[in-house]
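Shown next, in structure tokens, is the structure this report addresses.
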Amino acid sequence: MTNDLMLLMPLIIVGAGAILLMIASTYDKFTHELAAYGSAGVFAVAFLVQLSSCIAGNVAPFSEVFNGILVVSNFSKAAGLIILACGCFTALSSQTYFRRNNFCSPEYYSLTAFAAAGMLLLTMAQELISVFIALEIMSLAIYILVGYDRKNVISTEAVLKYLMLGAFAGAFFVMGSALVYGAAGSTKFVKIGQYLAANGMLHSPVMIGGAFFIMVAFLFKAAAFPFHAWVVDVYDGASVPVTGYMATALKTAIFAVFANFLVIDGALQHKWITFLFYISVLTMFVGNLIAIGQQSLKRMLAASGIVHSGYLLIALVAVGTKDFTGSVIAFYLAAYAASTLGIFTALSYLGGTGEARKTFDDFKGLAKARPYSAAAISIFLLSMAGIPPTAGFMGKFYIITSAIDAGQITLAVLGIVSSIISMWYYLRLIIAMYFHEASEQFDEPAPSSLAPVCTFILVLCVFAISLYPIAV
């Protein structure tokens, strides 16, 4: 029982921390800077507790109480660690960002914790209704964070688009869950897997329809083709720290539950391989085409996030349902999170008041004025492009290798081609920083040292993660 409590303790800490931060925000003396430190402390403590927990196989904590709807595994533990680390870095970079952009209130930090609580629950959920509840906890907090700057028209437009489309995705998920329940007689992943093993995927049209609706909801949340159109506008409208949080922690939670659902039975995964094959290819190349035409860094990074969703879909196509560990997916998510969050952390103090520096041209000559920041951003970009010896290279290497091992040679080759194409827009920013004269001065000091320190910690993470060995 003690071990069961320890497995749930990170979720309890983050949930309790979110509530305490919300209560404390009613006091005038509780400034947003204190909220930032408190939020970062909550995430750090939860991270250490998550790191210290011991897991052997799949463990259902308090199985009699929760009836097996929550299951903790090494994969969910790794996903939780990524989410908590992203939450901590987001809180610290937000403290720097909001020193220049004065629309923050302490409630902002409680909302990041509430979103993280939903994400953690999502990684552990093994039952459809629990997944829906976790999705809504996460989504409602993210909706508010996206539109937090109420005076910004672009931000208001972004939250409207995200809310409306997110509501449709939620409706698809609920309808799919109802259909799956009608076919299998249960919403538990285990029971659904047993039904599929006994009857097959094509035995019931209701099961096919239910699985399709659930897949649509997951693909929307994962920003995969053809449900990717919202991403660029929503990421552009959100503030820089929120955009980084969505691009990393939210994506980690979605792909964790997506993988857990897909591997409940070999028949389910096998029937969707061809579908996911084309979805992953279109996601990668459509994302690249969108990214190439962007002038705004945030919009380019949003489009590149679509491309990385395509790489993760390759891992889902190649994944084995027997003895699933999710190590390749978790490694890529960690590598992607470190690189992407690093860029957004750097932008939180380089972007200026009102995010005045938005385009590639705005960062011309940065290397001469801020050589260390330019070097850090270059490392993050090279990692996202898959250049050795970064974590991004190893992540793509593991995904391509797993695809080849699964017999998906064509998909592996297309993944490499997509990675080569992506170098165009990643190297474009590096060229602007190093090979052009500065169009403006970068002489204003960072409003706080927290974001710069976080940036260079994430640089170390990019190299440290690349050295961590996994079994493909």
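The numbering of the sequence shown is the working numbering, which starts it at 1 and goes up by one. We put the beta carbon where it would ideally sit given N, CA and C, even for glycine.
Leu202 counts as exposed, since fewer than 16 other C-beta atoms from the protein chains shown sit within 10 angstroms of its C-beta.
Its chain contains Val71, Val72 and Ser73 as the residues whose beta carbon lies nearer than 8 Å to that of Asn58, once the 5 sequence neighbours on both sides are disregarded; these appear in chain order. Taking 4 residues as the minimum length, the alpha helix (DSSP H) runs contained wholly in the stretch 381-453 are 391-405 and 409-434, in order along the chain. Looking only at Ala367, Val231, Leu289 and Ala334, the smallest Cα-Cα distance to Leu458 is reached by Ala334. If you draw a straight line from the Cα of Asp361 to the Cα of Ser419, it comes to about 24 Å. Leu48 sits exposed, since fewer than 16 C-beta atoms from the chains shown fall within 10 Å of its C-beta.
In terms of Cα proximity to Asn152, the closest of Ala222, Tyr97, Glu64 and Gly354 is Gly354. For Gly41, the enclosing alpha helix (DSSP H) covers residues His32 to Ser52. Glu127 is bridged by DSSP to Lys188. Counting only the Cα atoms, Ala369 lies some 44 Å from Glu136. Taking Ser327 as reference, the option from Tyr372, Ala346 and Phe255 with the minimal CA-CA separation is Phe255.
For the options Ser94, Lys271 and Val190, the alpha carbon positioned closest to that of Met215 is the one of Lys271.
Met246 counts as buried, since at least 16 other C-beta atoms from the protein chains shown sit within 10 angstroms of its C-beta. Under the DSSP definition of a beta bridge, Thr359 partners with Ser296. Using a Cβ-Cβ distance cut-off of 8 Å, the stretch 344-353 and the stretch 91-110 are in contact, since at least three pairs of beta carbons, one from each stretch, lie closer than that value. In the three-state reduction of the DSSP assignment, Val59 falls in the strand class, which pools E and B.
The Cβ atoms of Ala346 and Thr455 lie closer than 8 Å to each other. Within the model, the alpha-carbon separation for Cys461 versus Ala337 is close to 10 Å. Shown here for Val286: same chain residues with a beta carbon closer than 6 Å to its own, the five before and five after excluded, namely Phe225 in chain order. Rounded to whole angstroms, the Cβ separation of Ala79 and Thr340 is 16 Å, and the two are not in contact under 8 Å.
By the Cβ criterion, the stretch 291-310 is in contact with the stretch 227-242, since at least three pairs of Cβ atoms, one from each stretch, lie closer than 8 Å. With fewer than three CB-CB distances shorter than 8 Å, the stretch 32-48 does not count as touching the stretch 124-140. A contact between stretches requires three or more CB pairs, one per stretch, nearer than 8 Å, and the stretch 413-432 meets this requirement with the stretch 375-390.
The stretch 173-183 makes contact with the stretch 205-222, as at least three CB pairs between them are under 8 Å. Residue burial annotation: Phe331 is buried, with at least 16 other C-beta atoms found within 10 angstroms of its C-beta. Counting along the chain, Ala224 sits inside no alpha helix (DSSP H), nor does DSSP assign it H or E at all. In the DSSP annotation of this structure, the continuous segment of the alpha helix (DSSP H) that includes Tyr97 starts and ends at Asn74 to Arg100.
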